[in-house]
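Before any comments, here is the structure.
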Amino acid sequence: MTYRAAPWPAAALWLALALPPAVPSAAAHEYWLEPSRYRAAAGDTLAIAAFAGTGFRGERKPYAAPRTLALTLVGPRALDMRPAAVNGDLTFARFIAPDARGALIVYRSDFSPIELPAAAFDRYLEDQGLDGPRAARVRMGAAAGPGRERYARCAKAWIAGAAGADAGRVTTPAGLPLEIVPLADPARGARLALRVLWQGRPLAGARVRAWRQPLAPDAIPGDAARRDSTGVVADARTDRAGRALLRV
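Counting from 1388, one number per residue, gives the positions in the sequence shown under my numbering.
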């Protein structure tokens, strides 16, 4: 489950969660929203797409209307974009930036089951830092069998404004079941303080990782199918208050 932000015009930041055992975990690949550009002035036309992959390299995923519970543009007001979205389209939505103070895109899906062979599932748990489920499977031994889980996606993308940002648009929780909330405008500074919420409450012990990818001029992302994967630039666990600090 991912949150995307533009911390400065030259790069995009991608944050992903690995969750403790009480929370359904994400699928084997990261999933993120990607705007056509990460900075916009009032009146600019933008598009939003979704990708699944690793390290900013991935495959574009079609919009699935039956699975989408929320697709919202948060600007001067919240706008439900689902009525304009087309099932199966590789572009989730197109919209005009209402002002130059930043826009937040919020996406939520319903649950879907997944099954992986035992060895592949165990490697996935180790890679994601899901220590609780991995320990439980070790105790079960061969009886653990294939890995089965239900996953849902809670993703956000922050599009920085051409003028001074309205930080409240990105620092106010959007009401997702699982959510990464920056404590200040993520477009400023190399240290990103954040909190993780589960059902609106602070989530302790969640592993938060960040990747960073350079952008083309005018804050345009590169081709996700052609660019190289990037490595993790920051890795932290949330404290009892659900907070973490990433040096990105």
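C-beta: ideal position from N, C-alpha, C; glycine also.
Around the C-beta of residue i, are 16 or more other C-beta atoms found within 10 angstroms, so that it is buried, or is it exposed?
i	result
GLY1548	buried
GLY1532	exposed
GLY1430	exposed
MET1527	exposed
GLY1551	exposed
Determine the closest residue to residue i out of the options, with distance taken between C-alpha atoms.
i	options	result
ILE1567	ALA1574, VAL1595, ARG1575 and GLY1576	VAL1595
THR1441	ALA1507, GLN1515, ALA1552 and GLY1587	GLN1515
ALA1484	PRO1470, ALA1530, ASN1474 and ARG1426	ARG1426
ALA1434	LEU1477, ASP1622 and GLU1417	LEU1477
ILE1546	ALA1603, LEU1402, LEU1565 and SER1423	SER1423
ILE1492	TYR1538, THR1559 and ASN1474	THR1559
VAL1557	PRO1564, ALA1550, ALA1577 and LYS1543	LYS1543
THR1459	PRO1569, ALA1606, PRO1453 and PHE1479	PHE1479
ALA1472	ALA1465, VAL1461 and ALA1457	ALA1457
PRO1470	TYR1450, ARG1488 and GLY1489	TYR1450
Look up residue i in the DSSP assignment and say whether it is helix, strand or coil.
i	result
GLY1618	coil
PHE1438	strand
TYR1425	coil
PHE1498	coil
VAL1461	strand
With a threshold of 8 Å, establish whether the CB of residue i neighbours any heavy atom of the ligand NAD.
i	result
VAL1493	As presented, the structure is devoid of all ligands, the ligand NAD included, so that no description of it is given.
Report the rounded CA-to-CA distance for residue i versus residue j, giving the unit in angstroms.
i	j	result
ALA1628	ARG1614	37 Å
MET1468	GLU1421	16 Å
SER1616	PHE1498	27 Å
VAL1461	TYR1538	25 Å
ASP1626	TYR1418	25 Å
LEU1347	ALA1506	Here the chain covers residues 1388 to 1635 and nothing more, so residue 1347 does not appear.
ARG1444	ALA1612	6 Å
ALA1437	TYR1494	10 Å
ALA1606	ARG1524	44 Å
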